[in-house]
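Written as structure tokens, this is what we have:
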């Protein structure tokens, strides 16, 4: 049996404290969203909700003026469609770049790295997107994020590690390049596919700057921009919240803001437990060059 040292005790204690500090704001938001407004005003909500009710969630989801429901649906759409497109394009780009017989693959990879290191900036990007008709179009949340160079490198490194003999055997059996990519290498790439799927989903779901700049039409804005207008920008023409009473329960702006934040965070957290097994394996295999 391994001897438990003082180092282990201190290390584990510090990790537990750090974990609690990270989790507490999330727990406080959840407790505030479920509490009665009177308890929030009294400052008695610290860990557990007081006067538990779901009126804040019912109010923000049923109120079209706030736009929370529309923002959540937009975020779901951008995340699912954008994530699918990003994974598809990333894999189809990484696979030929991992084949040694591709002429000029180092030059192509260098071009990806160049655009990754030296970004054009907001104004040049706006001119290009506007010229392409992406401003105030839902495509601005899909196409510019189709290829992430960091995830492309991880995917390419993963494919580099797969035996070259698999390709030779498939060629002998009469398979063409398309069949080799989808029938041989794609099924073996589940760990890295899960990894880049999670990365892309979280990135698109949390995206704020792009929709803030390019999506002025409120009906197309994701939940992140809706929350910004509701919480940060409410005093500058954004969506204002007031004290209200619903079914005998007093609701403060803090209750409604907390419920909105909780709804915006929970969906993206739920996908992680289902992909954790592939996520860890994919990160390790994709980041180590043998």
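Numbering (the UniProt record's numbering), first residue to last: 1 to 290. Idealized CB from N, CA, C, for every residue including glycine.
Counting the other Cβ atoms within 10 Å of the Cβ of residue 232 gives fewer than 16, which makes it exposed.
Sequence-distant partners of residue 109 (beyond 5 residues in either direction) whose C-beta falls short of 8 angstroms from its own C-beta, in its chain, are 97 and 156.
Our two residues, residue 102 and residue 94, have alpha carbons roughly 12 angstroms apart in a direct line. Here residue 208 is exposed. Its C-beta has fewer than 16 other C-beta atoms within 10 Å. Straight through space, the alpha carbons of residue 88 and residue 205 are spaced by roughly 18 angstroms. Within its own chain, the residues whose Cβ lies closer than 7 angstroms to the Cβ of residue 32, once the five positions on either side in sequence are excluded, are 40, 45, 254, 255 and 258, listed in chain order. The alpha-carbon of residue 19 is positioned some 36 angstroms away from that of residue 215. By the criterion of a C-beta distance shorter than 8 angstroms, residue 51 is surrounded in its chain by 35, 36, 38, 39 and 249, once the five residues flanking it on both sides are discounted. Comparing C-alpha distances from residue 136 to each of 220, 54 and 81 shows the shortest one belongs to 220. Contact between the region 167 to 185 and the region 133 to 148 is not established, with fewer than three Cβ pairs separated by less than 8 angstroms. As for any alpha helix (DSSP H) of minimum length 4 sitting wholly inside the region 58 to 85, there is none. Within its own chain, the residues whose Cβ lies closer than 8 angstroms to the Cβ of residue 83, once the five positions on either side in sequence are excluded, are 197, 200, 201 and 204, listed in chain order.
For residue 17, the enclosing alpha helix (DSSP H) starts and ends at 6 to 34. The Cβ atoms of residue 27 and residue 260 lie no closer than 7 angstroms to each other.
The C-alpha of residue 15 lies about 27 angstroms from the C-alpha of residue 194.
The alpha carbon of residue 271 has as its nearest neighbour, out of 161, 76 and 168, the alpha carbon of 76.
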